[in-house]
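So the protein lines, in turn, are chains A and B. Heads up, this note's numbering is the position in the first sequence plus 321, with the first residue counted as 1. Heads up, this note's numbering is the position in the second sequence plus 1029, with the first residue counted as 1. Think of the CB as a built atom: it goes at the ideal place given N, C-alpha and C, for glycine as much as any other residue. Heads up: the structure comes next, in structure tokens.
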Amino acid sequence: GAGVSQSPRYKVAKRGQDVALRCDPISGHVSLFWYQQALGQGPEFLTYFQNEAQLDKSGLPSDRFFAERPEGSVSTLKIQRTQQEDSAVYLCASSSRTGRGANYGYTFGSGTRLTVV
Amino acid sequence: GNSVTQMEGPVTLSEEAFLTINCTYTATGYPSLFWYVQYPGEGLQLLLKATKADDKGSNKGFEATYRKETTSFHLEKGSVQVSDSAVYFCALSPIGTASKLTFGTGTRLQVTL
């Protein structure tokens, strides 16, 4: 597609519920990133894929967070047993470049706003 | 660790006023520096970047100069327009890290007629 598409746009989950957030990157982009943006804060890095390989998951806040990109295209961020502190906007970004150059060519999606009640 | 500090907003200016949004950083070595902009209802967009000391990034009338001696990357524009109203994020890419961006908390700019 023309841009990075994320779905759903909004998600309300009851505490303890599992959620799955989807990211469709720009076709052909090998690098894919997930960020978490709490209200009034800047985005914080969660994880990075190069094709289907998850090269960095150091930002995932707990083992309740899991991300995958099995075919090197669409990615899913899964949060198990959601808690109120998980409420945030989850941003996906993709890049045609790899390694350090990936930072120079990010295209961000509009994000999924997750509210845990 | 690495961090980015931005001036708090909101910043409210009249159209055609001069804009400065301050950004300072803490990082090891020589990170790459970025300004991103988020217009209402849209995703983050790269506004400009600088990859080494004394580099000046520029785009759409905005400029920022990488100042190693003051660890700063202040965003400036000589004459703002109503259409510049958005949230601006300063960010850095630490040296030796292939992929991560570290963002500041963002500064909301509101430009009025």
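Self-check item: residue 1067 of chain B versus B:1107, B:1031, B:1076, residue with shortest Cα-Cα distance
Solution: Counting from one through the second sequence, the residue named residue 1067 of chain B turns up at place 38. Nearest of B:1107, B:1031, B:1076 to residue 1067 of chain B, Cα basis: B:1076.
Quiz item: Using a Cβ-Cβ distance under 8 Å, would residue 1134 of chain B count as near chain A?
Solution: Counting from 1 along the second sequence, the entry for residue 1134 of chain B is found at position 105. With 8 Å as the cut-off, residue 1134 of chain B counts as an interface residue toward chain A.
Quiz item: Apart from the five residues on each side of it in sequence, which residues of its chain come closer than 7 Å, Cβ to Cβ, to residue 407 of chain A?
Solution: Here residue 407 of chain A refers to the residue found at position 86 of the first sequence. Closer than 7 Å at Cβ, skipping near neighbours: 400, 435, 437.
Self-check item: Identity of the residue in B:1062, B:1086, B:1115 nearest residue 1032 of chain B by Cα
Solution: Residue numbering aside, residue 1032 of chain B sits at position 3 when the second sequence is read from its first letter. The residue with the shortest Cα to Cα distance from residue 1032 of chain B is B:1062.
Quiz item: Any contact of the stretch 352-371 of chain A with the stretch 383-392 of chain A, i.e. 3+ C-beta pairs under 8 Å?
Solution: yes
Exercise. Please check if any C-beta of chain B sits within less than 8 Å of the C-beta of residue 362 of chain A.
Key: Indexing the first sequence from 1 puts residue 362 of chain A at position 41. Yes, contact with chain B.
Practice problem: Please look up how many angstroms separate the CB atoms of residue 393 of chain A and residue 413 of chain A, rounded, as I've assumed it's under 8 Å. | Solution: In the first sequence, counting from the first residue as 1, residue 393 of chain A sits at position 72. In the first sequence, counting from the first residue as 1, residue 413 of chain A sits at position 92. The Cβ separation is near 14 Å, so there is no contact.
Quiz item: Do you know how far the Cα of residue 1121 of chain B is from the Cα of residue 1053 of chain B?
Solution: As a first step, residue 1053 of chain B is located in the second sequence; it is residue number 24 there, counting from the start. As a first step, residue 1121 of chain B is located in the second sequence; it is residue number 92 there, counting from the start. Going by the C-alpha atoms only, they are around 10 Å apart.
Quiz item: Which same chain residues, not among the five before or five after residue 341 of chain A, have their C-beta less than 7 Å away from its C-beta?
Solution: Within the first sequence, the letter at position 20 stands for residue 341 of chain A. Spatial neighbours of residue 341 of chain A in its own chain (CB-CB distance under 7 Å, excluding positions within 5 residues in sequence) are listed in chain order as 397, 399.
Quiz item: For residue 324 of chain A, which residues from the same chain have a beta carbon less than 8 Å from its beta carbon, with the 5 sequence-adjacent residues on both sides left out?
Solution: Numbered from 1 along the first sequence, position 3 holds the residue referred to as residue 324 of chain A. 347, 428, 430.
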